[in-house]
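Structure first, then comments.
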DNA sequence: CGCTAATCTAGAACAAGTTTCAGACTGGGT
DNA sequence: ACCCAGTCTGAAACTTGTTCTAGATTAGCG
């Protein structure tokens, strides 16, 4: 793997690269970005992390390798962006059908297990995204943070709070998030069964009720 | 990165490679293994994951590249083995000075924060080991499992149980472990402060007391 | 000691992530 | 219509993990 530590110079005479903040992309750029993310998800769907090869993604998206790197400065960035994309879809889906349980803890557990089943449908894709997420170094902080905020939003939504969350609840949510990621990883690497993940999720959700 | 998916053939006409189970290593082999782990920890100490380059490890350990790969079939195997090594030392240290608190939850939190401070002393080393641990795929299951068992043992020790742990306690311990790993990662990638990690640890430890 | 299988070494070769570069292309402003 | 800055392309180069090979070395054994 190339210099993972060397960072792309912000291209002296060059404007900010696409993907940076609210930089309105051209129609065609928007489209390219979408094609890239689609190709990534498709490749990840077969074969997981290793099957996402930058050259293949580029070719499959009909884009030059250099362009791919302009949009996503590394494989990890690419996969984290893919996760963000997928999470947004999931969030939308979940909004349409909120959890049915009464108890907040149960609602969160139900929601997370739903998310988990979504992962089960595409275990390779899940593998690619989650591995990238936890492998990410500081240079991907911002993007990982975005994913984290999304996850937090999903959990808070599931809790169905009336008022703003308290500090205790926020730390409980963080711990739930930790557990969710880590449990996912142990399942993906075949070290825990689905039943065990379910138990862990339910266990940690008890923190919500104090 | 090379073929992470292609696996080494078990070397038809060759006995099991060193590192396999209870395969008594020669004096010199034991020594080589130790030199490799030392070199790894040293390199990881500066620079973290990226600074651990297989050629450098080999050279620094005074061993041929092929030999390094015979002892540890991949960079991830190598770093997970390093983590196992370090954890064993930590466990020994902790045994000598058990936590002082009364409450089991507090004892565990205290112990984990102690471990955390050990990590703070060598953040780059921690980075390398933890990243490897969560990046590990199925081919490293066994080794990762060993690390997991060690961690579990440390936590159970800290709890200072009189009898064997109950099922609920075991799942609480698993959740604590999840939180521990994940919180460590967010800290290492600069997305959480030490104070936040402390809060998260203390929060999750409340699960012990039901 | 002398043999044989396993192990070790040096080094080349290969794979995939990343960088770089020269030239073609595009969009907007004049 | 023309020009400029910024983009995109295609291809080669470079880095580092991993594999392979041919020839030394070593460990155990008769």
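Protein chains in written order, with this note's numbering: chain A, 2 to 211; chain B, 2 to 211. Glycine included, C-beta positions come from ideal geometry on N, C-alpha and C. No experiment lies behind these values; they were computed from the predicted model shown.
Q. Among residues of its own chain, excluding the 5 on either side of residue 76(B), which ones have a beta-carbon nearer than 8 angstroms to its beta-carbon?
A. Same-chain partners within the cutoff: 53, 55, 133.
Q: Please go through the stretch 78-145 of chain A and give each complete alpha helix (DSSP H) segment of 4 or more residues, from N-terminal end onward.
A: Whole alpha helix (DSSP H) segments, 4+ residues: 105-122, 124-136.
Q) Okay, do the stretch 125-145 of chain B and the stretch 93-109 of chain B touch, 3+ Cβ pairs below 8 angstroms being the bar? A) Inter-segment contact for the stretch 125-145 of chain B and the stretch 93-109 of chain B is absent: fewer than three beta-carbon pairs are separated by less than 8 angstroms.
Q: Could you tell me whether any Cβ in chain A is nearer than 8 angstroms to the Cβ of residue 209(B)?
A: So, not an interface residue.
Q: For the alpha helix (DSSP H) containing residue 197(B), list its first residue and its last residue.
A: 195-206 is the span of the alpha helix (DSSP H), which, as asked, contains residue 197(B).
Q | residue 162(B), DSSP secondary structure in three states | A | Note: residue 162(B) maps to coil in three-state DSSP.
Q. Going along the chain, which residues of its own chain have a beta-carbon closer than 6 angstroms to the beta-carbon of residue 184(A), five neighbours each way excluded?
A. Within the same chain, Cβ atoms closer than 6 angstroms to the Cβ of residue 184(A) are found at 198, 201, the five residues on either side in sequence being excluded.
(Q) Can you look up residue 22(B) in the DSSP assignment and give me helix, strand or coil? (A) Its pLDDT being 46, under 50, residue 22(B) is placed unreliably by the model, and nothing is read from it.
Q: Tell me whether the beta-carbon of residue 82(A) lies closer than 8 angstroms to the beta-carbon of residue 73(A).
A: In this structure, residue 82(A) lies near residue 73(A), with their beta-carbon atoms less than 8 angstroms apart.
Q) Using a C-beta cutoff of 8 angstroms, does residue 125(A) count as contacting chain B? A) Residue 125(A) does not count as touching chain B.
(Q) Relative to the C-alpha of residue 40(A), which candidate in 99(A), 106(A), 137(A), 126(A) has its C-alpha closest? (A) Among 99(A), 106(A), 137(A), 126(A), the Cα nearest to that of residue 40(A) belongs to 126(A).
Q. Does residue 142(B) come within less than 8 angstroms of chain A when only Cβ atoms are used?
A. Output row for residue 142(B): interface = yes.
Q.
Does residue 110(A) pass the burial test, meaning 16 or more other C-beta atoms within 10 Å, or should it be called exposed?
A. Residue 110(A) counts as buried, since at least 16 other C-beta atoms from the protein chains shown sit within 10 angstroms of its C-beta.
Q: Report the option in 38(B), 116(B), 104(B), 136(B) whose CA atom is closest to the CA atom of residue 213(B).
A: No answer is possible for residue 213(B): it lies beyond the span of chain B, which begins at 2 and ends at 211.
Q. By how many angstroms is the C-alpha of residue 191(A) removed from the C-alpha of residue 61(A)?
A. Inter-residue distance for residue 61(A) and residue 191(A) is about 30 angstroms (C-alpha atoms, whole angstroms).
Q.
For residue 101(B) and residue 90(A), I'd like the C-alpha separation in whole angstroms.
A. C-alpha separation (whole angstroms): 48 angstroms.
Q.
Let me make sure I understand the geometry here. Which of 156(B), 194(B), 30(B), 179(B) has the alpha-carbon closest to that of residue 106(B)?
A. Minimum Cα distance to residue 106(B) is reached at 156(B).
Q) What residues of chain A sit near residue 200(B), judged by a beta carbon separation below 7 angstroms? A) By Cβ distance, chain A contributes 172.
**Q.** Exposed unless 16 or more other CB atoms sit within 10 angstroms - verdict on residue 104(B)
**A.** An exposed status is given to residue 104(B), since fewer than 16 other beta-carbon atoms sit within 10 Å of its beta-carbon.
Q) Going by the beta-carbon positions, is the gap between residue 176(A) and residue 204(B) smaller than 8 angstroms? A) In this structure, residue 204(B) lies closer than 8 angstroms to residue 176(A) by Cβ.
Q.
Rounded to whole angstroms, what is the Cα-Cα separation between residue 171(A) and residue 136(A)?
A. CA-to-CA, the gap between residue 171(A) and residue 136(A) works out to about 25 angstroms.
Q | residue 2(A) to residue 168(A) span [Cα, whole Å] | A | With a pLDDT of 45 at residue 2(A), under the threshold of 50, the modelled position of that residue is not reliable, and no figure is offered here.
Q.
Can you give me the C-alpha to C-alpha distance between residue 35(B) and residue 153(B), rounded to a whole angstrom?
A. Across the structure, residue 35(B) and residue 153(B) are spaced so that their CA atoms are roughly 25 angstroms apart.
Q: Could you check if residue 162(A) is buried or exposed, using at least 16 other CB atoms within 10 Å of its CB as the buried criterion?
A: Its Cβ having fewer than 16 others within 10 Å, residue 162(A) is exposed.
Q. Are the CB atoms of residue 129(B) and residue 69(B) nearer to each other than 8 angstroms?
A. It is not a contact, given that the beta carbons lie outside the stated cut-off.
Q) In the stretch 63-78 of chain A, which residues sit with their C-beta less than 8 angstroms from some C-beta in chain B, listed in chain order? A) Against chain B - using a Cβ distance shorter than 8 angstroms - the stretch 63-78 of chain A contributes no residues.
Q: Taking a Cβ distance cut-off of 7 angstroms, strictly less, list which residues of the stretch 172-191 of chain B are near chain A, in chain order.
A: If you check each beta-carbon in the stretch 172-191 of chain B against every beta-carbon of chain A, the ones closer than 7 angstroms belong to 172, 173, 175, 176, 179, 180, 182, 183, 184, 186, 190, 191.
Q: Please confirm whether any heavy atom of the ligand GTP lies closer than 7 angstroms to the CB of residue 84(B).
A: In the structure shown, the ligand GTP is absent, as is every other ligand, since no ligand is present at all.
Q: Using a Cβ cut-off of 9 angstroms, pull out every chain A residue sitting near residue 139(B), in sequence order please.
A: Per Cβ cutoff of 9 angstroms: 189, 190, 191, 192.
Q. In three-state DSSP terms, what is residue 63(A)?
A. In the structure shown, residue 63(A) sits in coil (DSSP, three-state: anything other than H, G, I, E or B).
Q.
I need the boundaries of the alpha helix (DSSP H) containing residue 190(A), first residue and last residue.
A. Looking at the DSSP string, residue 190(A) is not in any alpha helix (DSSP H), and its letter there is neither H nor E.
Q. Within 8 angstroms (strictly less), CB to CB, does residue 132(A) reach chain B?
A. Flagged as an interface residue toward chain B: residue 132(A), by a C-beta distance shorter than 8 angstroms.
Q. What runs of the alpha helix (DSSP H), each 4 residues or longer, lie entirely inside the stretch 24-61 of chain B?
A. Taken in chain order, the whole alpha helix (DSSP H) runs of length 4 or more contained in the stretch 24-61 of chain B are 28-46, 49-52.
Q | Residues near residue 245(B) in its chain [Cβ-Cβ closer than 6 angstroms; skip 5 each side] | A | Past the boundaries of the shown model lies residue 245(B); chain B is included only from 2 to 211, so the question cannot be answered.
(Q) Would you say residue 158(B) lies against chain A (beta-carbon separation less than 8 angstroms)? (A) Not closer than 8 angstroms to any Cβ of chain A, the Cβ of residue 158(B) fails to qualify, so no.
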